[in-house]
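To start, the structure under review is shown below, and the notes come after it.
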Amino acid sequence: MNSKEKIANTLIELMKYEEYEKITIKDISDSSKINRSTYYRNFKSKEDIIKYKLELIMDEFIATYKAKNIQKKEEYIITILETFYKYKDFFIIIHKEKQIYLLQKVLVECFKYNIDNCSKEELYHVYYHIGGIYNFTVCWIENEMEDDPKTLTKIATDIVKYFNPLLWSYI
């Protein structure tokens, strides 16, 4: 495990027992047994740590998506939901600590290719899609992620019957 992963895992562990706002860089450094200079070499803030973890989760989703050569919206939806479900505790914790908004920022970064390479009309589609993923996930988290990904895929598929494949074809 590298220093970044160790710092991220330490923050997540601390968030289980301590309010996010009360956790200091010193707490993270002490608990991870990593000095502050290493911390600051890797991160500027606690938010950066959470974004890093979310980026790893999205990287995992994209790798799975590409490996499966996904062509159907149902496969796309269940893949992202199954990936998120693996990190259920993390998502519940960051929501409880009011840091879930960082997911939206990471989703925008994830779809950056689409954002940079599309028309104005397509840009609205991309942001609409990002908002859908984000808000659907927040709703799921608010329900303690009790529903399984398969059930939610059915719900989401019903919602997006007119889904635009352009939005996920560039991942």
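In terms of this note's numbering, the sequence shown opens at residue 469 and continues consecutively.
All residues carry an ideal CB built from backbone N, CA and C; glycine is no exception.
Keep in mind it's a predicted model, so treat the numbers as computed, not measured.
Alpha helix (DSSP H) segment containing residue i, residue limits
i           : result
residue 574 : 569-578
residue 505 : 504-510
residue 557 : 556-564
residue 527 : 514-536
residue 606 : 588-610
residue 483 : 471-483
residue 492 : No alpha helix (DSSP H) contains residue 492, which DSSP labels as neither H nor E.
residue 618 : 617-627
Residue from the options whose Cα sits closest to the Cα of residue i
i           : options               : result
residue 521 : 618, 609 and 475      : 475
residue 618 : 599, 550 and 609      : 550
residue 571 : 529, 523, 584 and 596 : 523
residue 471 : 487, 483, 481 and 508 : 508
residue 553 : 535, 528 and 536      : 528
residue 490 : 477, 514, 469 and 548 : 514
residue 569 : 603, 629, 525 and 539 : 603
residue 616 : 599, 555, 586 and 629 : 555
residue 610 : 557, 627, 584 and 526 : 557
residue 627 : 600, 588 and 530      : 600
residue 597 : 624, 620 and 482      : 624
Supposed contact pair residue j and residue i - C-beta distance, whole angstroms, cut 8 Å
i           : j           : result
residue 479 : residue 517 : 5 Å
residue 567 : residue 488 : 6 Å
residue 573 : residue 519 : 7 Å
Are at least three pairs of beta-carbons, each pair with one atom in the stretch 539-555 and one in the stretch 491-511, less than 8 Å apart? no
Is there contact here, the stretch 578-593 with the stretch 497-510, by at least three beta-carbon pairs under 8 Å? no
Answer yes if the stretch 587-597 comes into contact with the stretch 559-570, meaning at least three C-beta pairs across the two stretches below 8 Å, and no otherwise. no
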